[in-house]
Amino acid sequence: MPRPIQATIDIQALRHNVSQIRAAAPDALVWGVVKANAYGHGIERVFEGLRAVDGIALLDLAEAERVRQLGWRGPILLLEGVFETRDLELCSRLNLWHVVHTEAQIDMLAVHKTHQPHRVFLKMNTGMNRLGFAPQAFRAAWTRLNALPQVDEISLMSHFSDADGDKGIAAAMALFHQHTHDLSGERSLCNSAATLRHAKDLAVRADWVRPGIALYGSSPDFPLHSAHDWGLKPVMSLNAAIIGVQHLQVGDAVGYGSCFVADRPMRIGVVACGYADGYPRIAPTGTPVCVEGRRSRTVGRVSMDMMTVDLTDLPNAGLGSEVTLWGLPQKSNDSGQALAGVAIDEVAQSAGTVGYELMCALAARVPVVVKD
Ligand SMILES: *Cc1c(COP(=O)(O)O)cnc(C)c1O
Numbered sequence: 004m005p006r007p008i009q010a011t012i013d014i015q016a017l018r019h020n021v022s023q024i025r026a027a028a029p030d031a032l033v034w035g036v037v038k039a040n041a042y043g044h045g046i047e048r049v050f051e052g053l054r055a056v057d058g059i060a061l062l063d064l065a066e067a068e069r070v071r072q073l074g075w076r077g078p079i080l081l082l083e084g085v086f087e088t089r090d091l092e093l094c095s096r097l098n099l100w101h102v103v104h105t106e107a108q109i110d111m112l113a114v115h116k117t118h119q120p121h122r123v124f125l126k127m128n129t130g131m132n133r134l135g136f137a138p139q140a141f142r143a144a145w146t147r148l149n150a151l152p153q154v155d156e157i158s159l160m161s162h163f164s165d166a167d168g169d170k171g172i173a174a175a176m177a178l179f180h181q182h183t184h185d186l187s188g189e190r191s192l193c194n195s196a197a198t199l200r201h202a203k204d205l206a207v208r209a210d211w212v213r214p215g216i217a218l219y220g221s222s223p224d225f226p227l228h229s230a231h232d233w234g235l236k237p238v239m240s241l242n243a244a245i246i247g248v249q250h251l252q253v254g255d256a257v258g259y260g261s262c263f264v265a266d267r268p269m270r271i272g273v274v275a276c277g278y279a280d281g282y283p284r285i286a287p288t289g290t291p292v293c294v295e296g297r298r299s300r301t302v303g304r305v306s307m308d309m310m311t312v313d314l315t316d317l318p319n320a321g322l323g324s325e326v327t328l329w330g331l332p333q334k335s336n337d338s339g340q341a342l343a344g345v346a347i348d349e350v351a352q353s354a355g356t357v358g359y360e361l362m363c364a365l366a367a368r369v370p371v372v373v374k375d
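Residue numbers (the numbering used here): 4 to 375.
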């Protein structure tokens, strides 16, 4: 028997999340963002669940090739554009649309030989200060691109720094509007947070939305809203089994560094999941888990291959019991009802990070089952 740990990818949940995003941004075209190997889920694994999106957005050229190999003939957008002139040959060959965020990328296009002009997304920096032309330089970049025979349609885009928080998107929207209002072309502004929170406004929704995290069923603005609040279902679940049980007396410790010391008699379950599986080592005692659908908590340090959970109040749990690290349990109860799980966002919050990081970090050694 292989080590009892398994990740499950739920394709129905993914389809459901796509429809939630469509409902939040009616009539907008949807880029399904699959960068970072579909946020750790695996591009090939999630592909069937993404059939209903209008385009696939990513940033690694090798990932774009994989998406074409899967038979995707629709638009593919390279979110960081090309990295060197040679990359444009692949764009021509595979018909990839690409972001243009810097003068150097216009220089590359200007010397690229192609019969097929490229569709590009010209990016404005509206305050994130990562990629994009300064608002004042945007028009000059557009004019230069527009004069190139290598360039077909120019779309306009930006990426919000604060769609998920209090600062919001008003300042970014004002800048974008001021410097693009008389330019033609489709527009794309919204990540998941902006799509769910701000896309009622038509100018924000624009022509294309670019959801990533919401597709995978994690909330972009947890804890303000949970995935449940947004009507999103978890696509990735991580479950493992209890492979050992320990009984602690008052004063007994658990795990490396003896970080956790029992202040009452306790029963501890040893779970076949550790940081080498992608569970965050930094998650402290008290991080939520579910044992056969009942909530409990981690105790002591997460080690490479194992972690420990509190079974004191779960007398029916023991060797072989299923432990849900995040997402939903795979077993149902005796009457066939679904059991409760743990939102990845709760685990992430306890570990001081975001759901994105946990799903992206799922380790290659964890067996993955795709459920449709
Ligand atoms: C990653 C990314 C997105 C998706 O962001 P989420 O927060 O996961 O929805 C959208 N646009 C760009 C440019 C990105 O890099």
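We put the CB at the ideal spot given by N, CA and C, even for glycine. Keep in mind it's a predicted model, so treat the numbers as computed, not measured.
Look at K170: its beta carbon is at least 7 Å from all of the heavy atoms in ligand 1.
Residue range 173-183 is occupied by the alpha helix (DSSP H) that includes H180.
The residue from V373, S95, N242, P29 with its alpha-carbon nearest to that of R71 is S95.
Leaving aside the five residues that flank V292 on each side, the residues in its chain whose CB is nearer than 7 Å to its CB run, in chain order, S299, R300, T301, V312, V326, T327, L328, V345. Between I245 and G323, the gap from beta carbon to beta carbon is short of 8 Å. Under the three-state reduction of DSSP output, D13 falls in the strand class.
Excluding the 5 residues flanking it on each side, S335 has same chain C-beta neighbours closer than 8 Å at A341, L342, in chain order.
Within 7 Å of the C-beta of G215 there is at least one heavy atom belonging to ligand 1.
H250 is the residue among Y282, E83, A256, H250 whose C-alpha sits nearest the C-alpha of M269. Under DSSP, F124 forms a beta bridge with V102, S158.
By DSSP's assignment, V36 forms a beta bridge with A60. Note on V350: 16 or more other CB atoms within 10 angstroms of its CB, so buried under the neighbour-count rule.
Judged by DSSP in its simplified three-state form, S191 adopts strand. Annotation for F163: I172, A175, A197 place their beta carbon closer than 6 Å to its own, counting only its chain and skipping 5 residues before and after.
Taking 8 Å as the upper bound for CB-CB distance, H228 and S222 are in contact here, some 5 Å apart. With respect to the 8 Å criterion, E295 and A320 are classified as neighbours on the basis of their beta carbons. Shown here for P5: same chain residues with a beta carbon closer than 7 Å to its own, the five before and five after excluded, namely P370 in chain order. If you ignore the 5 residues before and after R122, its C-beta comes within less than 6 Å of the C-beta of W100, D155, E156, all in its own chain and listed in chain order.
In the three-state scheme derived from DSSP, where H, G and I count as helix and E and B as strand, V248 is classed as strand. Nearest to D165 by alpha-carbon distance, out of G339, K116, G330, R200, is R200.
For the beta strand (DSSP E) assignment, the uninterrupted runs of no fewer than 3 residues enclosed by the region 323-367 are, from N- to C-terminal side, 325-329. Counted as a single uninterrupted DSSP element, the beta strand (DSSP E) harbouring I271 occupies residues 269-274.
A check of alpha carbon separations from I347 across A275, S240, G215 identifies S240 as the nearest.
Burial of G130 is indicated by the presence of at least 16 other C-beta atoms within 10 angstroms of its C-beta. Here Q252 has A265, P268 as same chain residues with Cβ atoms under 8 Å from its own Cβ, once five neighbours each way along the sequence are excluded. Taking all protein chains shown into account, H182 has 16 or more neighbouring C-beta atoms within 10 Å of its C-beta and is therefore buried. CA-CA distance, G215 to P29, rounds to 17 Å.
Setting aside the 5 residues that flank it on each side, F141 is surrounded in the same chain by M127, H182, each with a C-beta closer than 6 Å to its C-beta; the list follows chain order.
Distances from the CB of N194 to the heavy atoms of ligand 1 include at least one below 7 Å.
H162 has its CB nearer than 7 Å to a heavy atom of ligand 1. Residue side-chain check: K38 places its Cβ nearer than 7 Å to a non-hydrogen atom of ligand 1.
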